[in-house]
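Visitor: Same order as they appear, the protein sequences are chains B and S.
Per this note's numbering: the first sequence ends with 256, consecutive numbering throughout.
Per this note's numbering: the second sequence ends with 487, consecutive numbering throughout.
Cβ coordinates follow ideal geometry from the N, Cα and C atoms, glycine included.
Remember, it's a predicted structure, so these values are computed and weren't measured experimentally.
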Amino acid sequence: MSADTRVRPALKLSGVTKSFGPIEVLKHLDLEIASGERHAVIGPNGAGKSTLFNLISGIFAPSSGEISLNGRSIGGMAPEQINRAGLARSFQITNIFHRLSVFENLRIGVLARFGVRYGLFRPISGMRRINEETEKVLAQVGLESRGHDLAGDLTYSEQRALEIGMTLTTGADVILLDEPTAGMSREETAEAVELIRAVTVGKTLLMVEHDMSVVFSLCDRVSVLVYGSILATDTPQGVSANHAVQEAYLGQEAA
Amino acid sequence: MMSFRSVLLLATLLALLLAVPPLLDLAWQNALVNVLIASLFALAFNLLVGQAGLLSFGHAAYFGVGAFAALHLMIAIEDGLAFPTPLVPLAGAVVGLVVGLVAGFFATKRSGVYFALVTLAIAELIHALAPRLEGLFGGESGIGSMRMPFAGIVFGSTIEVYYLTLGWVLFCGLGLYLYTLTPFGRLTLALRDNEQRVRFLGYDAHSSKVIVFAISGMVSGVAGSLLAISNETANYSLFATDVSAQVVLQTFVGGSTVFFGPVIGAAIFALFSFLVSDLTRSWVFYQGLIFVLVMLYAPTGIGGAIQHHIRHRRQLDWPALAAPYAAMLFGGLLVAAGIVFATEMVAVMFGEDYARTREAAGGALIPFELFGATWSPTGPSTYLIPLVLLGAGIAILVKVRRRIDAVWAARGEQGSKTQTLATTGGIQ
């Protein structure tokens, strides 16, 4: 990490609050993710992890507080604007184009990266650079042989890989993954971890994850979110040794 | 990309469209003009419903403004404006595009049912306003104009109008097809599947939908212009709900999931109204019935069913299918005969003419004429014939369906085998 990125975190939340009516889901939250860091958010159900992701990615606007991406304020921007500012996210519930081919699913994002979002006057088949780039992402997520199949026909873990692939296509350098290994077998999880490790090299990763083994093997730091507040942010080892965290969260699992 | 075979098919179709019409009589030439216009309108409509997943119930609005725009331009040409008559549909394109942009901006702020309702409301708004705006739409009687000659072409005969229409329909149809091959065409499909994800990939979903809507409006406007050129007149009834409904029915009967599907539906319905509307007043009922039956038994439409067969042509045991398919056709004809008999009988017995003759006969249930025979309203054969036709037809269909399903299931086993191989290949 260069000195410059230390000064300016990739993602910074300061005093972020989100309430739905009288219910405060996130309470005055502060969080800094350094550029190039792999960071996990853990916490019990209902702690506000999904809301946190939805705020950062633009589904909701924060009620108060500041969110900045590479030093640029993004709080309250539309999802497409945040994406163009350099942040991409995946979804906990697979969120793909079911009736398009796997290749087409990825190409939509690649087109956005190369700025041909609304091209109307040239056939897509002639866009060599875009098709090559799509092939590259297809290979990265291990779906080369499935390129022509409909995304809806993929197996669950293949769809999860596609989900990650789509998140990569727009070329964002900050990646948000929402429970990328949820519902996977141990073997599939191990494969997914390797995939995430490989594709996030040189990028900043923020992920929601329940599986502690995934967090330990993948992440530099962990934040524990409980009832809308961050209880602790530390290395995985530090967090698991933290007494308050054990009581609030890990303790439940150990018991 | 298109296979050699489909190119050959299209070339044959094009040759027929070019060569056959001069040999036909005026009524048929005119019917073909209407088929072409309906086809283009349905293709434009399907850009929205089939590709973008936006079901509009008010497409008459864009078709209608296109027609009026063309007529106003034709009136100006009559008054001496130097504008080539063959390019009159450009007026419909421009006005369709502009009205589509404005209406689309509001309609696409919502999706699903709300989108459909907004489009319906916009069309109804224009329908209600049009008769009051005398200057624009000519009041209740509408406006009219003459086709002016251009470059030695008089545009006096129907065949000239036919070729002009054919040219525009092919041009716009090709344009819509090429559209599907562009990045924006692919984005349109992505919007249909998952609008939210499109936004998270950095696209402005609303603007994209407005553009799709406007393009659909533009081509609908061209179709409306072609109708105006053919009829040389238009009135506010072009904005009526049944114009909007017609294109919905045609598109879904033809198949919204296949690019050329809507053309099949449009051709069938336009020819059906040409052939049947003179024979019976119940033709609208038959049209509705066709729609309901297609939606129930072939939800992807005729085009979808054809595509399904083409996709599986190599795995299907065609000789085993031939007999059941023939039997299905026969059963279908029996059912159709039964329905037509019953419908026409009801139409006669509850019609005004029959009521009058009964009154003259002192209220007695007197016999009536139908299909060149005399039927007694109290005679058993009057009711037994349609019942037997329907019963026999349905029995055949039910039985034959099982056999057809069995043949398709045998294909399914082979199909799933290749599927499994592909899947294992994917994991390795």
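Given a cut-off of 8 Å on the beta-carbon distance, is the pair S:ILE185 and S:ALA166 in contact?
Guide: Residue 185 of chain S sits at position 126 when you count from the first residue of the second sequence. Residue 166 of chain S sits at position 107 when you count from the first residue of the second sequence. Against a cut-off of 8 Å, the Cβ pair of S:ALA166 and S:ILE185 comes out as no contact.
Visitor: When the cut-off is 8 Å and only beta carbons count, does B:THR171 lie next to chain S?
Guide: Residue 171 of chain B sits at position 170 when you count from the first residue of the first sequence. B:THR171 counts as touching chain S.
Visitor: Expressed to the nearest angstrom, what Euclidean distance is found between the alpha-carbon atoms of S:VAL278 and S:GLY362?
Guide: Along the second sequence, one-based indexing puts residue 278 of chain S at 219. Along the second sequence, one-based indexing puts residue 362 of chain S at 303. Cα-Cα distance, rounded: 21 Å.
Visitor: Measure the alpha-carbon distance for S:LEU424 versus S:MET408 and round it to whole angstroms.
Guide: Taking the first residue of the second sequence as 1, we reach residue 424 of chain S at position 365. Taking the first residue of the second sequence as 1, we reach residue 408 of chain S at position 349. Rounded to the nearest angstrom, the two C-alpha atoms are 9 Å apart.
Visitor: 8 Å is my cut-off, CB to CB: does B:ALA162 come that close to chain S?
Guide: Start at 1 with the first residue of the first sequence, and residue 162 of chain B comes out as number 161. It does not; no Cβ of chain S falls within 8 Å.
Visitor: Within 7 Å: the Cβ of S:LEU107 and any heavy atom of the ligand ATP?
Guide: Among the components of this structure there are no ligands whatsoever, and the ligand ATP is therefore not found.
Visitor: At a Cβ cut of 8 Å, what residues of the segment 8 to 31 of chain B count as close to chain S, listed as they run along the chain?
Guide: Going along the segment 8 to 31 of chain B in chain order, one finds no residue with a Cβ nearer than 8 Å to chain S.
Visitor: Hey, does B:ARG129 have any beta-carbon neighbour from chain S nearer than 8 Å?
Guide: Working through the first sequence from its first residue, we reach residue 129 of chain B at position 128. Not one chain S Cβ lies under 8 Å of B:ARG129.
Visitor: Assuming S:PHE350 contacts S:LEU308 under a Cβ cut-off of 8 Å, what Cβ separation, rounded to an integer in Å, is found between them?
Guide: For the purposes of this step, residue 350 of chain S is identified with residue 291 of the second sequence, where counting begins at 1. For the purposes of this step, residue 308 of chain S is identified with residue 249 of the second sequence, where counting begins at 1. That pair is a contact at about 5 Å.
Visitor: I'd like to know whether the C-beta atoms of S:LEU388 and S:ILE463 end up nearer to each other than 8 Å.
Guide: Your numbering for residue 388 of chain S matches position 329 in the second sequence. Your numbering for residue 463 of chain S matches position 404 in the second sequence. Against a cut-off of 8 Å, the Cβ pair of S:ILE463 and S:LEU388 comes out as no contact.
Visitor: So if I threshold CB-CB distances at 8 Å, which residues from the segment 219 to 244 of chain S count as touching chain B?
Guide: Cβ contacts with chain B: LEU237, TYR238, LEU240, THR241, PRO242, PHE243, GLY244.
Visitor: How far does the beta strand (DSSP E) with S:PHE174 in it extend, from its first residue to its last?
Guide: On the second sequence, residue 174 of chain S is found 115 positions in, with the first residue counted as 1. Unbroken run through S:PHE174 is the alpha helix (DSSP H), 171 to 188; no beta strand (DSSP E).
Visitor: Would DSSP call B:ILE176 helix, strand or coil?
Guide: Locating residue 176 of chain B in the first sequence gives position 175, counting from the first residue. DSSP places B:ILE176 in strand when its eight states are reduced to three.
Visitor: Could you tell me how far apart the beta carbons of S:PRO321 and S:LEU102 are, in whole angstroms, since I believe they sit closer than 8 Å?
Guide: As a working note, residue 321 of chain S is residue 262 in the second sequence. As a working note, residue 102 of chain S is residue 43 in the second sequence. Yes, they are in contact, since the Cβ atoms of S:PRO321 and S:LEU102 sit about 5 Å apart, within 8 Å.
Visitor: With a CB to CB cut of under 6 Å and the five nearest residues on each side skipped, what residues in its chain are close to B:VAL215?
Guide: Along the first sequence, one-based indexing puts residue 215 of chain B at 214. THR182, VAL194.
Visitor: Does S:PHE344 come within less than 8 Å of chain B when only Cβ atoms are used?
Guide: As a working note, residue 344 of chain S is residue 285 in the second sequence. It does not; no Cβ of chain B falls within 8 Å.
Visitor: Please specify which runs of the alpha helix (DSSP H), each continuous and at least 4 residues long, are wholly inside the segment 46 to 123 of chain B, giving them in chain order.
Guide: Within the segment 46 to 123 of chain B, the complete alpha helix (DSSP H) runs of at least 4 residues are 50 to 58, 80 to 85, 103 to 114.
Visitor: S:THR239 by DSSP, collapsed to three states: which one?
Guide: Position 180 of the second sequence, counted from the first residue, corresponds to residue 239 of chain S. In this structure, S:THR239 counts as coil in the three-state DSSP scheme.
Visitor: What residue range does the alpha helix (DSSP H) around S:GLY70 cover?
Guide: What you label residue 70 of chain S is simply residue 11 of the second sequence in a count that begins at 1. Before going further, note that residue 70 of chain S is Ala rather than Gly in the sequence given. Looking at the DSSP string, the run of the alpha helix (DSSP H) that includes S:ALA70 is 63 to 78.
Visitor: Please state if the CB of S:ILE96 and the CB of S:LEU286 are separated by a distance shorter than 8 Å.
Guide: Working through the second sequence from its first residue, we reach residue 286 of chain S at position 227. Working through the second sequence from its first residue, we reach residue 96 of chain S at position 37. Cβ atoms of S:LEU286 and S:ILE96: closer than 8 Å.
Visitor: Going by beta-carbon coordinates alone, are S:ALA488 and S:SER65 separated by less than 8 Å?
Guide: This structure cannot speak to residue 488 of chain S, because chain S is shown only from 60 to 487.
Visitor: Name the two residues that bound the continuous beta strand (DSSP E) containing B:THR18.
Guide: Counted from its first residue, the first sequence places residue 18 of chain B at position 17. Residues 12 to 21.
Visitor: For B:ILE34, report the span of its alpha helix (DSSP H) as first-last.
Guide: Here residue 34 of chain B corresponds to residue number 33 of the first sequence, with the count starting at 1. Element bounds for B:ILE34: not the alpha helix (DSSP H) but the beta strand (DSSP E), 24 to 34.
Visitor: Answer yes if the segment 79 to 93 of chain B comes into contact with the segment 224 to 233 of chain S, meaning at least three C-beta pairs across the two stretches below 8 Å, and no otherwise.
Guide: The segment 224 to 233 of chain S vs the segment 79 to 93 of chain B: no contact.
Visitor: Pull up the DSSP beta-bridge partners for S:GLU219, would you.
Guide: The sequence position of residue 219 of chain S within the second sequence is 160, counting from 1. BP columns for S:GLU219 are empty, so no partner.
Visitor: Taking only beta-carbon atoms, is S:ASN512 less than 8 Å away from chain B?
Guide: No answer is possible for residue 512 of chain S: the residues shown for chain S start at 60 and end at 487.
Visitor: Among the residues of its own chain, which have a CB less than 8 Å from the CB of B:ALA242, if the five just before and after it don't count?
Guide: Stepping through the first sequence from its first residue, residue 242 of chain B is reached at position 241. Nothing meets the Cβ criterion.
Visitor: Could you tell me the alpha carbon to alpha carbon distance between B:ALA191 and S:GLY125, rounded to whole angstroms?
Guide: Numbered from 1 along the first sequence, position 190 holds the residue referred to as residue 191 of chain B. Numbered from 1 along the second sequence, position 66 holds the residue referred to as residue 125 of chain S. Between B:ALA191 and S:GLY125, the C-alpha separation is close to 60 Å.
Visitor: Measure from the C-beta of B:MET167 to each C-beta in chain S and report whether the shortest distance is under 8 Å.
Guide: Locating residue 167 of chain B in the first sequence gives position 166, counting from the first residue. So, interface residue.
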